[in-house]
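Residue numbers (my numbering), protein chains in the order written: chain A, 766 to 1203; chain R, 766 to 1203.
For every residue, glycine included, the Cβ atom is placed at its ideal position computed from N, Cα and C.
Computed from a predicted model, the values in this text were never measured in an experiment.
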């Protein structure tokens, strides 16, 4: 008997028929002999509709009330799914975040999990029930108020429950067939990876891959939760299901995973995948005095303004001026607050100008192989050059190389780089079913 | 400083604009110096929509899951109302049934209130907050599961909170201007009563007046909660509001009410109002042996089948046969189960036949004055005779006389009786705004 945690996003439970399809999948796992815990998001666009109602009523709703409002969505989907599973002849019990023991801090809208106390879940499993849990929500340790976990919340709920219950597998069901080598909407030759390591998945998630939120991957890595990402729409219930989707594993270098298999390090491709992020702005602070503390002042001001800074590049100063230019990228939506924050410190800091380019994108190549293969950068840069794409900024980590290019160049760049690294599938079969859940 | 509990039904919070209108009314009470606790139902048709979803997924959903599903509706409306009140510059805090301390038994779908422990409400009031509470819902003492109170649930929530908090007034806001002398949709000359006693209100509610559920009136009577029914659509915020709607008071016979006023017994009309109920069936058990225990067998079988029996009439037996006919009425929707239950006992009981009339209605005249005025029945019967309405059954209580007539005669009967008892308003001004909340 193994314990499986399955998470279904909003598009997987968008209407009554979808809920019934999910129920069949849940029951298939149960009938295969597993204990099953299911985490669900709100149905389809419910969350957006509730947010729209709140917008029409309030200019800045209190976090406590907004969380109370939004958590109604998962109560609906979890109760319906429990009914659908029961209708198929299996006992099912649904639990809210509070009932499931998801204890959080009191930061409404983006609460952090403090502790998971799944006593009621354990009791229901012991009684032979399928357990359905509302994703995205918890209860504050201090105030006993309902909280939400913010972006990636339902995935994080699933991974946190899998860790607390010592589950054998956490399956994240979504509307695509797994983690792809690139976004199949812009790179038709992209293909689903059968396996990817936590670290590469973290880099892919942090640099634009929407499939998993980096928070959930971090959590999974910390507690070594075996993850699998798969499609809830694929018609593979009970057939070869063990090999469907993408497994996200502790490592790709030959360490045995919890399930006892060994990741195929020898066959691992040099590069796992390509992530892109189109809606970025690039701001350059021109002529910052090249002295200790200058960068700290600049980025301290940006942090105080709540700006979500991404890549930072500073070149060596030219001897002539003892000044340097500092460039950084950030989500385009954060451009104005960042510019305002910088203008406030302009006089004190003494830089003469700000330059803005609000039409840039970022392309990131991720792979463990990069550590020992200096040729990766060369392949990347020449692929871009051959496509006529100009590189504006470069940033690297141990397992990632990112370039900033003009937003209009992103798609062509992604396709060229995907081909250059030998990632193209022989027969394109990208399957994308629409939006992503939360 | 007085404490007011206000309850708003689903039609009063049907959309964002309605929620904002309710918020203005709540704030007006707060700014008049009251502590305010607000009980809200789910928005508009939310509950029906959720029930429809459940119907499409399950033939007989578990009560626990159905309650979890339905209670999502109030979470949405209460959070939105809290936001709307906050937007008007007052602090507001919303509480679910569980957070509000509505402790119930574990009978899902129609839980009874066991205890009200409003500690968090008291704390929020003490901190200067308007308190918003989800109607219709509670939490089970034994299982810690979410429960619903069933029909009339939100009204009962409001009255129970008013009793537990020792409120000075409990206002039930709805889509009509108060308790009417008859349903203004069929009796245009009906007018809103300024005052009615608990007992008459109970009879009116039990015999077809939809304005308040009898359960809530019973609760109010037991704990002597001063009730007022009024319209949430009337444009009377802050103006002469103290006299709007219908007050439901401990008595109409001169006992001081909690608010210190004395009900005007001398001016009390003989008859308070007329209730009607159209969708009834009449079943006659023909030729029941006139011996002890026969009626017990018949109504025992009906009770076991869960039939909701209303009027029962048994005539004296004719000497020739030593048999009697027993007739009773029940909601038309309960006809089939009742007939089946009776057929099962037909052989043992030895009655030769069943007669069904599924097109009857009930008209009830309610008023304290009846006790000492034997002329009431005469007025009632001659008004019906003058209108050509045939009386099929008659039943009386201390303060009520009911007749069963053909369903098609109900409207004409109601208008004639309303006129005969001098209840007609001089200038008809019936205001009805649509459906009723739960």
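Under DSSP, the beta-bridge partners assigned to residue 992 (chain A) are A:935, A:1013. Selection A:976, A:970, A:936, A:865 evaluated against residue 886 (chain A) yields A:865 as nearest (Cα-Cα).
For residue 872 (chain A), no CB of chain R lies under 7 Å from its own CB, so it is not counted at the interface with that chain. Looking at the DSSP output, residue 872 (chain A) shares a beta bridge with no other residue. The C-beta of residue 1123 (chain A) has fewer than 16 other C-beta atoms within 10 Å across all chains shown, which makes the residue exposed. Listed along the chain, the chain R residues whose CB falls inside 7 Å of the CB of residue 830 (chain A) are 844, 847, 848, 859. About 10 Å separates the CB atoms of residue 1077 (chain A) and residue 1067 (chain A); that is not less than 8 Å, and the two are not in contact. Comparing alpha carbon positions, the residue from A:1039, A:912, A:932 closest to residue 969 (chain A) is A:1039. Between residue 1166 (chain R) and residue 1145 (chain R), the CB-CB gap stays under 7 Å. Taking a Cβ-Cβ cut-off of 7 Å, the neighbours of residue 822 (chain R) in chain A comprise 781, 784, 785, 845, 848, 849, 852, given in sequence order. For residue 957 (chain R), DSSP records a beta bridge to R:945.
Here the region 887-894 of chain A makes no contact with the region 835-844 of chain A; the two share fewer than three CB pairs at distances below 8 Å.
Taking all protein chains shown into account, residue 858 (chain A) has 16 or more neighbouring C-beta atoms within 10 Å of its C-beta and is therefore buried.
Listed along the chain, the chain R residues whose CB falls inside 8 Å of the CB of residue 875 (chain A) amount to none; the nearest CB is some 18 Å away. In chain order, 815, 818, 834, 837 make up the part of chain A whose C-beta sits under 8 Å from the C-beta of residue 841 (chain R). Buried is the label assigned to residue 826 (chain A), since at least 16 other Cβ atoms lie within 10 Å of its Cβ.
None of the residues of the region 1052-1073 of chain R has a beta carbon lying less than 8 Å from any beta carbon of chain A. For residue 1110 (chain R), the uninterrupted alpha helix (DSSP H) segment begins and ends at 1100-1114. Taking CB atoms only, residue 883 (chain R) has no neighbour in chain A less than 7 Å away.
Within a 10 Å sphere around the beta-carbon of residue 867 (chain R) sit 16 or more other beta-carbons, which makes this residue buried. Excluding residues up to 5 positions away in sequence, 843, 885, 886, 889, 896, 897, 898, 899 lie with their Cβ nearer than 8 Å to the Cβ of residue 860 (chain R) in the same chain.
Taken atom to atom, the span from the alpha-carbon of residue 991 (chain A) to that of residue 977 (chain A) is near 14 Å.
Per the C-alpha coordinates, the member of A:823, A:774, A:952 positioned closest to residue 1187 (chain A) is A:952. Taking 7 Å as the cut-off, the beta carbon of residue 1095 (chain A) is found closer than this to the beta carbon of residue 1046 (chain A). Contact between residue 962 (chain R) and residue 921 (chain R) fails: their C-beta atoms lie close to 19 Å from each other, not under 8 Å.
In this structure, DSSP gives residue 1056 (chain R) a state outside helix and strand, which the three-state scheme calls coil. Less than 7 Å separates the beta-carbon of residue 944 (chain A) from that of residue 994 (chain A).
In the DSSP assignment, no residue is bridged to residue 1062 (chain A).
By the rule that beta-carbons nearer than 7 Å mark a contact, residue 827 (chain R) touches chain A. For residue 1183 (chain R), the enclosing alpha helix (DSSP H) covers residues 1175-1185.
For residue 882 (chain R), the secondary structure class from DSSP, reduced to helix, strand or coil, is coil. Counting every other CB atom within 10 Å of its CB across the protein chains shown gives residue 800 (chain R) a total of 16 or more, marking it as buried. Nearest Cα to residue 1131 (chain A) within the set A:917, A:967, A:1150: A:967. Contact annotation: the region 810-823 of chain A does not touch the region 791-807 of chain R, with fewer than three C-beta pairs closer than 8 Å.
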